[in-house]
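Numbering (my numbering), first residue to last: 2 to 590.
Right under this line is the structure:
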């Protein structure tokens, strides 16, 4: 297996490529050839002319390609170029296919793609390219993932240089403005080493995606989603929104994995558009790339890849990484070239699955090592652990200052965010906990009641309520003083918390009145619980040296009732107990 790559600036460079002796010699002895064509030039005729010339010269080759937002050749980052990579296989097979896809057709095309992939045998991996701007890759993947895939999938979304308006795919000598291209690598002796890593960290407070429709995030914390970017980042709703927000994806923890979602535009209703999915109810935080984390993860992949001993390395990296790291992005791409010839492009979204479900990612690096046969003696030795970038390690005191400055800013923001989060949690505790009784206060009980109502509606179950009111609390305050009255309230609160079930919730409703929420509990069972509490209060010798009594109302939430109706019924039950002289339990069915 061998990989060669060339940069094409003009037709003269193409002519030189077609006549390159090394390429001809390798092609003549190859069993199969894959040509990858990645171009910043979105002129259909330019890409088609190159593809046609290559296919005419190498008629048995499989050619695929995509428009880019940056090109990677020999591990170095190029811009505004066209690069061509030739991967030549000694005994493995390479197949390619393309499917045009307009918006709304993604699920059908996904089924068709999966059906075609299932026909191949001894699949070692699949390269997937798609026009993620003009179609919904998530819908396509939903069908592709209907059962776990038994092989790795990798690749990226075709891009443009910041306009988010049009992208291209190439298959043989054909250009597609909307669709998907796949390359199927087959062979019992073809081995892949597949990796992806992020390097972005959440920095803001936690928020909730409260309304999502398709790929549009409409509301965050019940406010227009754009307000998050306007308020926290001072990003305007203009033609430069995508470029200005590129470094600040929303971070989501999904299936115990941190993923990023990059915004691409703002709609008229101030919702935010994405190329990858966000699910309603998911927790979100604004994120920012941490260069120190990126380089650390890159070094780990470099070492693992070197131990694998590939003969070729493919990189599919999000434009966010180049935008963030600038020239320092080669700190993660260039070391791959010391392992094996390295080739790829900068994407609008990355595809990745190391067997299983294919994910559509943002802001990540996808690195694929490939070799035929076992690791040979000619493979590069494993890289040694690379030291972190420190002032002492740099001969040039001005080198790599860009990422150092960002690292310090990220550390500062992270520290401030942690302090604010701690303060917020402390304030939240103050606002929902009653200071005297250390029970949930009325505000928190209202929230818990709403949650219990939602649970009851979803599970078609009942829940019951008990209201407990201390009899003659005013008389205790007048005879013994307000401090003693507070002690009685606190003691009864502790008694109620101790003698209720773990699943029950006890809170201070108001003054000397407490509420007990009993989930999944019918009226008769709640009445038994209320009688036990009533007896416990009557038997207790309180701090002020006297016994106390309490009146208790019991009621049950019935299907079809509103929360307001249920609260009215429990209040009525308590009122009946008080009107009858107190020191008793009244139940309202």
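Every residue gets a Cβ at the ideal spot worked out from N, C-alpha and C, and that includes glycine.
Remember, predicted model here, so these are calculated numbers, not experimental data.
Go ahead and label residue 57 buried or exposed: buried means 16 or more other beta carbons lie within 10 angstroms of its beta carbon, across all protein chains shown.
exposed
Cα separation between residue 557 and residue 550?
23 Å
Inter-stretch contact at 8 Å, needing at least 3 Cβ pairs: the region 238-255 / the region 166-178
no
Taking DSSP as the reference, what is the three-state secondary structure of residue 271?
coil
Quick one: give me the first and last residue of the alpha helix (DSSP H) that residue 486 is part of.
It spans 483-499 - the alpha helix (DSSP H) in which residue 486 sits, taken as one unbroken run.
Could you tell me the boundaries of the beta strand (DSSP E) in which residue 187 lies?
Following the DSSP letters along the chain, one finds residue 187 inside the beta strand (DSSP E) bounded by residues 180-187.
Strictly by DSSP, which residues pair up with residue 192?
372
With residue 83 as the anchor, note down where its beta strand (DSSP E) starts and where it stops.
83-90
Give me, in chain order, the residues of the same chain whose beta-carbon lies closer than 7 Å to that of residue 78; leave out the 5 immediate sequence neighbours on both sides.
Taking residue 78 as the centre and dropping the five residues before and after it, the same chain places the C-beta of 71, 323, 330, 331 and 334 closer than 7 Å to its C-beta, in chain order.
Does the Cβ of residue 360 have 16 or more other Cβ atoms within 10 Å, making it buried, or fewer, making it exposed?
buried
Limits of the unbroken alpha helix (DSSP H) element including residue 1
Outside the modelled stretch of the chain, which goes from 2 to 590, sits residue 1, for which no answer is possible.
Environment of residue 317 [buried if 16+ CB atoms lie within 10 Å]:
buried
Within 8 Å, do at least three Cβ pairs link the region 520-535 to the region 456-473?
yes
Keeping to the same chain, check which residues put their C-beta closer than 6 Å to that of residue 131; ignore five residues upstream and five downstream.
138, 158 and 181
Should residue 200 and residue 299 be called a contact, given that it needs their Cβ atoms to be closer than 9 Å?
yes
If you pair each beta-carbon of the region 183-201 with each one of the region 223-239, do three or more pairs fall below 8 Å?
no
To the nearest whole angstrom, what separates the beta carbons of residue 354 and residue 196, a pair I think is in contact under 8 Å?
About 12 Å separates the two Cβ atoms, so there is no contact after all.
In the DSSP assignment, find the unbroken alpha helix (DSSP H) run with residue 4 in it and report its ends.
It is not in any alpha helix (DSSP H) - residue 4 instead sits in the beta strand (DSSP E) that spans 3-9.
In the structure shown, what three-state DSSP assignment does residue 515 receive?
strand
Residue 278, buried or exposed, once every other Cβ within 10 Å from all chains shown has been counted against 16:
Under this definition residue 278 is a buried residue.
Is there contact between the region 476-488 and the region 557-568, where contact requires at least three CB pairs shorter than 8 Å?
The answer is no - the region 557-568 does not touch the region 476-488, with fewer than three Cβ pairs under 8 Å.
Ignoring anything shorter than 4 residues, give me the alpha helix (DSSP H) runs that lie fully in the region 202-288, in order along the chain.
227-234 and 242-246
Below 8 Å, how does it come out for the region 29-46 and the region 88-104: are there three or more Cβ pairs, yes or no?
Yes: at least three Cβ pairs fall under 8 Å.
Bridge partners of residue 152, per DSSP?
In DSSP, residue 152 forms no bridge with anything.
Strictly by DSSP, which residues pair up with residue 30?
DSSP output for residue 30 lists no bridge partner at all.
Residue 317 - DSSP class collapsed to helix/strand/coil:
Strand at residue 317.
Using CA atoms only, rank isn't needed, just tell me which of 37, 9 and 11 is closest to residue 344.
Distances from the alpha-carbon of residue 344 to those of 37, 9 and 11 put 37 closest.
Strictly by DSSP, which residues pair up with residue 24?
Residue 24 is not bridged to any residue.
Using CA atoms only, rank isn't needed, just tell me which of 470, 421 and 446 is closest to residue 432.
446
From residue 548 to residue 516, what does the alpha carbon distance come to, in whole angstroms?
21 Å
Specify the secondary structure class of residue 531 as computed by DSSP and reduced to three states.
helix
Do residue 372 and residue 191 have their beta-carbon atoms positioned less than 9 Å apart in this structure?
The answer is yes: Cβ separation under 9 Å.
Do residue 346 and residue 160 have their C-beta atoms closer together than 9 Å?
yes
What is the rounded straight-line gap between the Cα of residue 108 and the Cα of residue 554?
56 Å
Per DSSP, residue 67 is paired with what?
39 and 170
Which residue's Cα is closest to the Cα of residue 474: 110, 514 and 458?
Answer by Cα proximity: 514.
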